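Numbering (the UniProt record's numbering), first residue to last: 1 to 491.
Structure below.
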């Protein structure tokens, strides 16, 4: 059966369903339409549509249907049980396609007992008392969202003998053996030596080494000097810094700061309809929020760099910058870590380091501006996050090779974000405030790279060169060197 494309609207008394059918001949007798409580079913072979609405409908003499040949659609009008009742999220048609009693549990760690999972979102049994169930679920979600803790959990490292041979990665660590075929086909986003067999800590180690190697002091110094002294000759970075993001505009123009109206295009609704419709049992939803932050930053940096546009290289750049994609690293910090406590700061530093190694423009102020762009997206809520995730997914979906990252991460992440028990507005608001505080506190000394410094004068007494030495460089050091070199060139 084929799920037809459909559009939903409403007024105080009715829900209007516009069902698109094409290139078929039929008679009125072959159409079946049923309204049962909050469920609407339409069947016209080969089309089948079942929608589960958030409020109750009623089937009576006011219900109508009409075939419009010029538009190749059937327009259906269904009365609301309670006149004047507002049906939320009708523009997110994909949400209404969910099955009855679909498991929807998300698990997080209990603060008192780290090894005992607790349910973040319980499965709600559909009953006639739908309104009470909705209110109870909303109240429960709001309280648990307010209690979210963004500190790094203290977990004992897994003994070597207990490690699984089958390495998992991707969304909720559910996938394996996807990358090797992709690499053989030319996947140049991948940064790992053996992605299908490296354990999480090994992926982190390779990522850190690659970040240190990839950072080019001369490249960074050149962009720094160009923006500071030579903007008259090349204003690209200055123009990017002046760019105002779409979501900052939307938030500033919104009358209500607690509910931002984000609308989806028909194309975006079609993309949501194509998302996998399945339930998720999430081990730790914080990992998904961390992944979302990283993806949002990568996207915002790319969009700001080109002043609102994407390029043919955007999928590559976003993939390279996102450790969850290029390094399959959703953990971000070694499992034996006993010093770092603030996971949001770890994300800020990790993504800032990657932004200084892969994009076309590499500039600290551009990084900070992009982080504030992420803040505005989070403040605009779940719909804004979903809108950006769909845009990122579309960049990868259209690529002959990079689409593999849709299969292991982006498809599921978008589907999870769409669900009522997925991405949560209150969690996002809480996260935005924590993120903003850390953005304001991060500085150039926090962004450190370990580099090999070659000294041609460093030789032993017998004329043999000494071993290369490692040194730690932060961005402030590099900028001081750049200023000195530029000023000396003027003399």
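Don't be surprised by glycine CBs; every beta carbon is placed ideally from N, CA and C. For clarity, every value in this text was computed on a predicted model and none was experimentally measured.
Residue burial annotation: residue 64 is exposed, with fewer than 16 other C-beta atoms found within 10 angstroms of its C-beta. Residue 384 is not bridged by DSSP to any residue. Distance check between residue 88 and each of 192, 52, 58, 373 places 52 closest, using alpha-carbon atoms only. The segment 197-207 makes contact with the segment 329-342, as at least three CB pairs between them are under 8 angstroms. DSSP places residue 181 inside the alpha helix (DSSP H), whose first and last residues are 179-184. Within the DSSP bridge table, the entry for residue 15 names 10, 78 as partners. For residue 188 and residue 216, the gap between their C-alpha atoms comes out near 20 angstroms.
Between the alpha carbons of residue 257 and residue 249 lies a gap of roughly 12 angstroms. In this structure, the straight-line span from the alpha carbon of residue 414 to that of residue 232 is close to 42 angstroms.
For residue 471, the pairing in a beta bridge is given by DSSP as 451. When rounded, the separation of the alpha-carbon atoms in residue 384 and residue 452 is 42 angstroms. From the listed residues 436, 444, 407, the smallest Cα separation to residue 176 is found for 407. Cβ neighbours of residue 307 within its own chain (closer than 8 angstroms, five residues either side excluded): 239, 240, 243. Annotation for residue 36: the continuous beta strand (DSSP E) segment containing it runs 32-36.
Inter-residue distance for residue 173 and residue 94 is about 25 angstroms (C-alpha atoms, whole angstroms). Looking at the DSSP output, residue 48 bridges to 43. Under DSSP, residue 73 forms a beta bridge with 20, 68.
Going by DSSP, residue 412 is part of the alpha helix (DSSP H) stretching over 411-418.
In the three-state reduction of the DSSP assignment, residue 346 falls in the helix class.
In the same chain as residue 325, and ignoring 5 residues on each side of it, the C-beta atoms closer than 6 angstroms to its own belong to 319, 405, in chain order. By the 16-neighbour rule on beta-carbons within 10 angstroms, residue 317 is buried. Residues of the same chain with a CB within less than 7 angstroms of the CB of residue 322, apart from the 5 flanking positions on each side, are 294, 295, 298 in chain order. Here residue 260 is not near residue 348, since their CB atoms are 8 angstroms or more apart.
Of the residues assessed, residue 489 falls on the exposed side of the cut-off, its CB having fewer than 16 other CB atoms within 10 angstroms. For residue 210, the enclosing alpha helix (DSSP H) stretches over residues 200-214. Around residue 450, the same chain offers 212, 470, 472 as residues with beta carbons nearer than 7 angstroms, after the five sequence neighbours per side are excluded.
Cβ atoms of residue 6 and residue 20 come within 8 angstroms of each other, at about 7 angstroms.
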